[in-house]
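J.: Submitted below is the structure of interest, expressed as structure tokens.
Numbering (my numbering), first residue to last: 2 to 328.
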């Protein structure tokens, strides 16, 4: 099997052959045509030379442009490529010399996306582990310490003189509010409801939490017959829904939101919309984290946010049949 020529050598050979053919055809035409050139050149022969040179340059330019046209498409792909938006590839062309270059570039993108996905998986796994550790410490240490403080305050309130009872009750309520906040933070860090009750209950809890925190009315439409998706897919769906709802509470200034999770038997679609201000033009760390999580399960994430028309986050997980068969 012959070893393929290096792209630079192959391109040089193609250009050399094209130019040689153009000059050979031009020479042949001049040789068989009745046109002659005197020495020195007379004025009447100048138009013949100009026309011949123009035709040769035009033919040469046309052939070279068609040969190098794939390079323009390759340059455009290089400018727009983003490893968080997978599948952007350049189709091979009839130009066999540049087809090798295009195939090599596509293979490089495949390797980079695979490496990015693997490194993201390790990073996100470490992040989840750290979240669980912090959640346990908040619940087991800080939560228990605040509980002990509450019990001690209750005994003090019972024994305190009437003039101090009101102030001590205020302190008691502040500690109780702090304990509730610690528990909420722990729940957000470690989705215990996802582990204990499943994805449907976890998404419902997220929606209720948003309504309580921001007053945004959340409508839910969750398919009751979801297949067994596996821990990884469920965690990705939960985290992306959590980040989307958190963004609504913090930035959207929305009064209504909708969360839906539906399946057509082959694909699973998570959709979160709101009627807020929209206009998300710059993707911060939160959205990039959502894209990285989507890559882990081969899902496609689309965010549509026209100014003044709210935001729509849509995540599509393909091939859920095989996922449910092989969790």
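Glycine included, each C-beta is placed from N, C-alpha and C at the ideal position.
When the distance is taken between beta carbons, is residue 125 closer than 9 Å to residue 106?
T.: Their beta carbons are not under 9 Å apart, which means residue 106 does not touch residue 125 by this criterion.
J.: Going by beta carbon distance, what residues of the same chain come within less than 8 Å of residue 2, once the five residues before and after it are set aside?
T.: With a pLDDT of only 46 at residue 2, under the threshold of 50, the placement of this residue in the model should not be trusted, and no figure is reported.
J.: Compute the beta-carbon to beta-carbon distance between residue 248 and residue 287, rounded to the nearest angstrom, for a pair I have assumed lies under 8 Å.
T.: Their Cβ separation, rounded to whole angstroms, is 6 Å, which keeps residue 248 and residue 287 in contact under 8 Å.
J.: Nearest to residue 20 by alpha carbon, out of 48, 51 and 59?
T.: Nearest of 48, 51 and 59 to residue 20, Cα basis: 59.
J.: So, for residue 136: in the same chain, excluding its five sequence neighbours on each side, which residues have a beta-carbon less than 7 Å away from its beta-carbon?
T.: Taken in chain order, the residues that qualify are 187, 190 and 191.
J.: Which residue marks the beginning of the alpha helix (DSSP H) containing residue 167, and which one marks its end?
T.: That run of the alpha helix (DSSP H) goes 163 to 190.
J.: I need the boundaries of the alpha helix (DSSP H) containing residue 259, first residue and last residue.
T.: Taken as a continuous stretch (DSSP letters only), residue 259 belongs to no alpha helix (DSSP H), being part of the beta strand (DSSP E) at 257 to 264.
J.: Going residue by residue through the region 285 to 325, where are the continuous alpha helix (DSSP H) segments of at least 4 residues, counting only ones entirely within it?
T.: Listed in chain order, they are 286 to 297.
J.: With DSSP as the reference, identify every bridge partner of residue 274, one or two as the case may be.
T.: In the DSSP output, where bridge partners are listed per residue, residue 274 has 259 and 313.
J.: Beta strand (DSSP E) containing residue 387: first to last residue?
T.: As displayed, the chain neither begins before 2 nor continues past 328, which places residue 387 out of reach and without an answer.
J.: Checking the sheet assignment: what are the DSSP bridge partners for residue 219?
T.: In the DSSP output, where bridge partners are listed per residue, residue 219 has 258.
J.: Distance check for residue 294 and residue 22, CA to CA, integer angstroms please.
T.: Approximately 54 Å between the Cα atoms of the pair.
J.: Using 9 Å as the threshold, is the C-beta distance between residue 319 and residue 251 below it?
T.: Not a contact, by the Cβ cut-off of 9 Å.
J.: On a Cα-Cα basis, can you pick out the residue from 311, 170, 56 and 133 that is closest to residue 150?
T.: Of 311, 170, 56 and 133, the residue nearest in Cα terms is 170.
J.: What residue does the alpha helix (DSSP H) around residue 244 start on, and which one ends it?
T.: Its alpha helix (DSSP H) spans residues 232 to 248.
J.: Considering only C-alpha positions, which residue in the set 130, 193 and 67 is nearest to residue 203?
T.: Of 130, 193 and 67, the residue nearest in Cα terms is 193.
J.: Can you look up residue 227 in the DSSP assignment and give me helix, strand or coil?
T.: Here residue 227 sits in coil by DSSP.
J.: In angstroms with no decimal places, state the Cα-to-Cα distance between residue 160 and residue 183.
T.: Those two C-alpha atoms are separated by around 28 Å.
J.: Which class does residue 269 belong to by DSSP, given the choice of helix, strand or coil?
T.: Three-state DSSP puts residue 269 in a strand.
J.: Quick check on residue 131: buried or exposed, where buried means 16 or more other Cβ atoms within 10 Å of its Cβ?
T.: Exposed, because fewer than 16 other Cβ atoms sit within 10 Å of the Cβ of residue 131.
J.: With 16 as the cutoff for other CB atoms within 10 Å, does residue 25 come out buried or exposed?
T.: Classification of residue 25: exposed, given that the 10 Å Cβ count is below 16.
J.: If you reduce the DSSP assignment to three classes, tell me which class residue 82 lands in.
T.: The answer is coil: DSSP assigns residue 82 none of H, G, I, E or B.
J.: Taking 6 Å as the limit between beta carbons, can you name the residues of its chain near residue 240, skipping five residues before and five after?
T.: Cβ within range, chain order: 294.
J.: Which of helix, strand or coil does DSSP assign to residue 150?
T.: Reduced to three states, the DSSP call for residue 150 is helix.
J.: Going along the chain, which residues of its own chain have a beta-carbon closer than 6 Å to the beta-carbon of residue 195, five neighbours each way excluded?
T.: Cβ within range, chain order: 203 and 239.
J.: Pop quiz: residue 270 and residue 317 are said to be a contact at Cβ under 8 Å. What is the actual Cβ separation, rounded to whole angstroms?
T.: Confirmed, about 5 Å.
J.: Around the C-beta of residue 153, are 16 or more other C-beta atoms found within 10 angstroms, so that it is buried, or is it exposed?
T.: Residue 153 should be labelled exposed.
J.: Just the C-alpha distance for residue 80 and residue 298, rounded to the nearest angstrom, thanks.
T.: Approximately 26 Å between the Cα atoms of the pair.
J.: Using alpha carbons as the reference points, say which of 315, 278, 306 and 222 lies closest to residue 292.
T.: Checking every option, the nearest Cα to that of residue 292 belongs to 315.
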